[in-house]
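Enquirer: In the working numbering, each number is its position in the sequence shown, counted from 1, plus 6. Ideal Cβ positions, reconstructed from N, Cα and C, are used throughout, including at glycine. Have a look at the structure that comes next, please.
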Amino acid sequence: MIKFTLSKIPHRFLIVTGLNILLIALLAVVLGFAASDLRKRIGTIGSIREEMRARTNEIESLSVLQKEYGEIKPYLPALDSFLPTENQLLNFPRDITLMARQNKVDATALFRGVSSLKKGDALILRAVDLSLTASGGFDPLLLFLGNLDRSSYHLSFNSLDFIRQSENNFKAMMSGRVFAR
Numbered sequence: 007m008i009k010f011t012l013s014k015i016p017h018r019f020l021i022v023t024g025l026n027i028l029l030i031a032l033l034a035v036v037l038g039f040a041a042s043d044l045r046k047r048i049g050t051i052g053s054i055r056e057e058m059r060a061r062t063n064e065i066e067s068l069s070v071l072q073k074e075y076g077e078i079k080p081y082l083p084a085l086d087s088f089l090p091t092e093n094q095l096l097n098f099p100r101d102i103t104l105m106a107r108q109n110k111v112d113a114t115a116l117f118r119g120v121s122s123l124k125k126g127d128a129l130i131l132r133a134v135d136l137s138l139t140a141s142g143g144f145d146p147l148l149l150f151l152g153n154l155d156r157s158s159y160h161l162s163f164n165s166l167d168f169i170r171q172s173e174n175n176f177k178a179m180m181s182g183r184v185f186a187r
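This is the structure:
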C-alpha cells in the first residue's frame with residue numbers, strides 16, 4: 007500500500023489546483039447571477055412584448071373606429087333628429103295623456119329610472135324606464151297603442167298585460183323603455 011503524504015505532493019501543484027477550484031467556484035457564482043439576471047430580462051422582454059401587442063390591437067381598433075366614424079358621419083344629423091333629447095322626454099307624460107284623451111282612454115305614464123347604453127366611454131343612447139297604464143274600451147285601447155307606436159317617441163316594451171275589468175272595459179299595463187339621446 008502506498009501512502010501519500012502532503013510533503014510528497016509538490017507544493018506548486020496544490021496551489022494551482024486550489025486556484026483552479028477557486029476559479030471554477032467563482033465562475034459558477036458569476037454564471038448563476040448572470041442566469042438569474044437573464045431570466046429577469048427575458049420576463050421583462052415578454053411583458054414589454056405583451057404590452058406592445060395590446061397597444062397594437064388598440065391602435066388597430068382606433069383605426070377601425072375612425073374609418074367607421076367617417077362612414078356614418080353624414081348620417082349623424084339624421085340620427086340626432088331621430089331620437090328626442092332627455093329634456094324633450096319631460097313632455098312624454100303630457101303627450102301620453104293628450105293621446106289617451108284623443109282615443110277616449112285614461113292613461114298614466116311614470117318614469118322609473120334612467121339607464122345609459124355606452125360603448126367604452128362614449129354614450130350611445132339613454133333609456134328611461136317607464137310604467138304605462140291605460141284603461142278604456144278594447145277598440146280605443148288598441149287605437150291608443152297604435153298611435154303610441156306611430157308617435158315620435160321610440161318605445162320598447164318588456165311586458166304588456168291586458169286585464170278585463172268589466173264587459174267593455176279593459177286595463178293595459180305596460181313596462182318598458184323610451185329612448186333618448
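What whole-angstrom Cβ distance do Tyr159 and Phe98 have, given they're in contact under 8 Å?
Expert: Indeed, because the Cβ distance is near 6 Å, the residues count as touching under 8 Å.
Enquirer: Apart from the five residues on each side of it in sequence, which residues of its chain come closer than 7 Å, Cβ to Cβ, to Arg59?
Expert: Nothing listed; no residue qualifies.
Enquirer: Any beta-carbon of chain B closer than 8 Å to the one on Arg156?
Expert: The chain inventory of the structure shown lacks chain B, comprising one protein chain alone.
Enquirer: Within its chain, find whatever has a CB closer than 7 Å to the CB of Ala189; leave out the 5 residues flanking it on each side and keep chain order.
Expert: Here the chain covers residues 7 to 187 and nothing more, so residue 189 does not appear.
Enquirer: Using the C-alpha atoms, what's the distance from Asn26 back to Arg45?
Expert: Each residue's alpha carbon lies about 28 Å from the other.
Enquirer: Taking the straight line between their C-alpha atoms, what separation do you get for Ile51 and Lys73?
Expert: Roughly 33 Å separates the two Cα atoms.
Enquirer: Is the Cβ-Cβ distance between Pro134 and Leu161 less than 8 Å?
Expert: It should be pointed out that residue 134 corresponds to Val in this sequence rather than to Pro. Contact: no.
Enquirer: Once DSSP output is grouped into helix, strand and coil, what is the label at Lys46?
Expert: Helix, per DSSP.
Enquirer: With 16 as the cutoff for other CB atoms within 10 Å, does Phe19 come out buried or exposed?
Expert: So Phe19 counts as exposed.
Enquirer: Can you tell me the Cβ-Cβ gap for Phe176 and Ser141, rounded? I've got them flagged as a contact below 8 Å.
Expert: Rounded, the Cβ-Cβ distance is 7 Å, consistent with contact.
Enquirer: If we ignore side chains and look at the alpha-carbon of each, how far apart do Arg107 and Leu71 end up?
Expert: For Arg107 and Leu71, the distance between alpha carbons rounds to 47 Å.
Enquirer: Of all the options Ala84, Ser157, Arg187, Asp145, which has the alpha carbon lying nearest to the alpha carbon of Ala178?
Expert: Ranking Ala84, Ser157, Arg187, Asp145 by Cα distance to Ala178 puts Asp145 first.
Enquirer: To the nearest angstrom, how far is it from the Cα of Leu89 to the Cα of Phe150?
Expert: Straight-line Cα distance between these residues: approximately 21 Å.
Enquirer: For Leu28, collect the residues of the same chain with a Cβ closer than 8 Å to its Cβ; drop the 5 residues on either side in sequence, then sort them by chain order.
Expert: Here the set comprises nothing.
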